Amino acid sequence: MPDTVDSSSGGDVQHAGDASARVTTGDAVAAPEAAATRSRWTPQRIAYTVVLVVVVVFLITKAADDLRQFVIVTLNGITLASLYFVVASGFTLIFGLMRVVNMAHGSLYLLGGYLALKMQEAWFKEDTGLGISLSGATDAEYGFVGWFIPLIAATICIGFIGVAMQQVFLRWNQGQDLRQALITIALSVIFADQMLAAFGGISKDIAAPSAWPTSVLLPGDVRFGFFRGVIVLGSALLIGLLLFLVIKRTRFGKIVRAGVDDRDMVSALGINVNLVFAGAFFIGALLAGFGGVLGGTMISLAPGQDTAFLLNSLIVVIIGGRGSLGGAAIGALLLGLVDAYADVYLVIGGTDLTNYSILVTFALLVGVLAVRPLGLFGRPA
Amino acid sequence: VNPIVSRGWLPWPALAIIVAVAALAPLYTSDFWLNVILTKALWLGVAAASLIFLAAYGGMVSLAQVGLYGVAGMTYANLVLADGGSSAAWNPWLAVLAALIMATIVGLGFGWVAARSEGIYFLMITLAFSVLVYYFFSQVTQLSGFGGVNNLDLPGILGDPESDPTPRYFVTLVVAVAVFVVLRGLATRTAFGLGLQGVRDEPARMRALGFDVTLHRLLAFALAAFVAGIAGVLSVWYNRRITPGSINLEQTINILIIAVIGGLYRLEGAWIGALAYVLIDNYSREWVPDVGNVLGSARFNTIIGLVFLIIVLISPAGLIGIWEKLRERLRGGRRRGGGTPTTAGPEGGPAPGTVN
């Protein structure tokens, strides 16, 4: 699956007009190292194996201590990973196909959540006559429709905002990847400030349908949040499958992959490449918005979440490799699990080190990059 | 086409005049200007210079500089007498030394990981590093205090900046000029600097010639980390406090904005951008009209974001790029060797000197 989206171009240097016509040293750097790691038991490899074994043994002892807690923490990690995957898959799609590092991806995520929240409050908030609650909106009850319609509407809105962004700001400077990154950074600064103005600085969340159970009972007397465990996880699996099928099996996916390799050739064949790229940007932004609604229901919406999810997407894609859906899935899973375990289990002896959990995330990033500078499934551009 | 690396060179007499004008500033400006505008612009410029040095001469746009200066600032803040943090009450100069060493070591570590990637990948990785540093310090309250580390002890040479900001201004000015001269000299006059520029333009050829490309990048990164450390120390001298919030993603982007506004491809752009940034920061509130919730005195970030966006859209080489274009036009197309676009390299590859 690594090559799903990224059937990219070792032959970049040949088409001068192309975006990425740059002499990349990625190959040259990566190749000897890759060869070195493949050749049996280098000290580096031994070190990694030792670390891996230590981590696994550590987790097993923790699991033996309290299996229920372990299951819950693991589920937490997996559901977090699902959300990361949904958001990061959009990021990696855009990055892989168009070489656009969309630094406003986190903003699209947060905006998606806020839009859904506004729609939910504006269209579906009913006076139940029980307005005794002081905390207001969050206690209002919503049916399935009152959650689902905002989800769809906000997601599609974000898709179109993404396309508008691409058409206005990114279409005419294809290939200047640094400039495009700077443009999207500027947009993210403006987005963040405007969202702060429009939606305030207080943390809010989208109400899940009140008919849904709050938790489900799993074997072994484990209770786990229904929305997290069923809806978010299910959506992530569904989206992963859909994306895989679209990229691998449809005409659109084929065109997209071909367009990455040689845009000029594809457009010479009578295909409107710009339309295809706009479509890809639509899907990428769509996924950010969808993730925003899921995240807004599962966690919360607040200024700063845009940064958090941009960082998460960056890490997932750095770990997984550019443009690889499989990489995004594995990167998200690693990041989610590491986050979840480090937050709970980083207690060694009697000392509580959970404060330092971010260092574990950092170690994960460094560990992957040290062996594979282009990510687990990354290939030289 | 990505902006061309400028080969322009600020002449020594011009530099001397600028420094003289700056040195005389206490005579003709108010304390407010000296402190809030000039001193701040100078230390922000040092931070941006560490970024521009890497971008202009190494072809690496690093967003880790704020993380690195945060490391230096936090180290200093924790080692000197202060409210919050571990307040070890060291001699401030020893703490400065420790802060610079710490920033360089962390920079070496970051560089070791990041130097093997390049272009946009490098940008992403360093951004992740910077944000991780921020999260680290906001989580570890033993180091960052709950409300930041406040009332830092300053070295005696700065006097009492609250009553007289002039000594601090002069120290910052001297440091900034030294940073500029040394960085420029290193990058353009030494074997290392020329090797680094070669690595930027033609990594594959440099490798074939026997240069250690990764080592060049790594050393440049460590050097930039050292300069970022200097900026970190200057920043805590300026603020007399440091909070995790002052080294977050917003600040990371602010330093990038400063570098881009000034011009990513000329070292002096750092201070031009910093001055522009500080001026916008201080005066935009007065002349920007209130447009509902969307624009107005509370929406500084929107304004700076728009300025940034406009600069990136019209002149990726920043204010210096605009200046150079104007000068070229005034000279009636009489092109000089420096600053003119070079044509595409062999094999239809990128023009030498493009920064990807």
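Residue numbers (our numbering), protein chains in the order written: chain D, 1 to 381; chain Z, 1 to 356. Using N, Cα and C, we set each Cβ at its ideal position, and we do this for glycine too. Fair warning: this is a prediction, and the values are worked out from it, not measured in the lab.
#1: Quick check: the Cα distance between A220(Z) and F180(Z), rounded to an integer number of angstroms?
#2: Are the beta-carbon atoms of A99(Z) and Y76(Z) separated by less than 8 Å?
#3: Between L117(D), A280(D), L364(D), which has its C-alpha nearest V317(D)'s C-alpha?
#4: Which value, in whole angstroms, describes the spacing of the CA atoms of S203(D) and A192(D)?
#5: Kindly indicate which three-state DSSP category V382(D) falls into: helix, strand or coil?
#6: Whose CA, out of I105(Z), T104(Z), G73(Z), G107(Z), lies closest to the CA of P92(Z)?
#7: Please check if any C-beta of chain C sits within less than 8 Å of the C-beta of V51(D).
#8: In the structure shown, what three-state DSSP assignment does L218(D) receive?
#9: When you compare each of Q142(Z), N293(Z), N150(Z) to T354(D) by their alpha carbons, which one comes out closest?
#10: Where does R266(Z) fall in DSSP's three states?
#11: In angstroms, rounded to a whole number, what distance separates the CA positions of W9(Z) and E268(Z)?
#12: Could you have a look at H15(D) and say whether DSSP puts it in helix, strand or coil?
#13: At what residues does the alpha helix (DSSP H) containing L151(D) begin and finish?
#14: Can you say whether Y84(D) is buried or exposed, counting buried as having 16 or more other CB atoms within 10 angstroms of its CB?
#15: Considering Cα atoms alone, identify which of L196(D), A328(D), D177(D) is closest to F377(D).
#16: When DSSP labels each residue in this structure, what does T141(Z) get in the three-state scheme?
#17: In chain order, what residues of the stretch 125 to 156 of chain Z put their CB closer than 7 Å to some CB of chain D?
#18: Entirely within the stretch 34 to 87 of chain Z and at least 4 residues each: give me those alpha helix (DSSP H) ranges in chain order.
#19: So what's R223(D) in DSSP terms, helix, strand or just coil?
#20: Measure the C-alpha to C-alpha separation of Q176(D) and R241(Z) and round it to an integer number of angstroms.
#21: Alpha carbon to alpha carbon, what distance is there between A47(Z) and V182(Z)?
#22: Excluding the 5 residues preceding and the 5 following G145(Z) in the sequence, name in chain order all residues of the same chain whose CB lies nearer than 7 Å to its CB.
#23: Over what stretch of residues does the alpha helix (DSSP H) that includes I190(D) continue unbroken?
#24: Kindly list, in the order they appear in chain Z, the residues whose Cβ is closer than 9 Å to that of A268(D).
#25: Let me know the secondary structure DSSP gives G148(Z) once reduced to three states.
#26: N355(D) versus chain Z: which residues are under 8 Å apart at the beta carbon?
#27: Kindly say whether I261(Z), judged by its beta-carbon, lies nearer than 8 Å to any beta-carbon of chain D.
#28: On the premise that N102(D) lies in contact with T91(D), defined as a C-beta separation below 8 Å, what is that separation, rounded to the nearest angstrom?
#29: Give every residue of the same chain whose Cβ lies closer than 6 Å to the Cβ of L196(D), excluding the five residues on either side of it in the sequence, and list them in chain order.
#30: What in chain D is Cβ-close to F308(Z), meaning under 8 Å?
#31: Name the DSSP bridge partner or partners of I242(Z)?
#32: Counting only runs that start and end within the stretch 145 to 204 of chain Z, where is the alpha helix (DSSP H) found for 4 or more residues in a row?
#33: Where does D281(Z) fall in DSSP's three states?
#34: Which bits of chain D does G305(Z) rub up against, with CB to CB less than 7 Å?
#35: Please confirm if V366(D) has its CB atom under 8 Å from at least one CB of chain Z.
So, from the listed chains and residues:
#1: 15 Å
#2: yes
#3: L364(D)
#4: 14 Å
#5: There is simply no residue 382(D) to check, as chain D begins at 1 and stops at 381 in what is shown.
#6: G73(Z)
#7: Within the model displayed, chain C is absent; protein chains D and Z are what it includes.
#8: strand
#9: Q142(Z)
#10: coil
#11: 9 Å
#12: Note on H15(D): pLDDT 39, under 50, position unreliable in the model; the coordinate value appears next. Correct three-state label for H15(D): coil.
#13: 144 to 165
#14: buried
#15: A328(D)
#16: helix
#17: I125, L127, A128, V131, L132, Y135, F136, Q139, V140
#18: 40 to 58, 65 to 79
#19: strand
#20: 39 Å
#21: 15 Å
#22: G84, G85
#23: 177 to 199
#24: Neighbours of A268(D) on chain Z: none; closest Cβ ~18 Å, over 9 Å.
#25: coil
#26: Q139, V140, T141, Q142
#27: no
#28: In the sequence under discussion, the amino acid at residue 91(D) is Phe, which differs from the Thr named in the question. So it is a contact: roughly 6 Å between Cβ atoms.
#29: P303
#30: L182, I185, A186, V189
#31: V149(Z)
#32: 166 to 189, 191 to 201
#33: helix
#34: A186, V189, I190, D193
#35: yes
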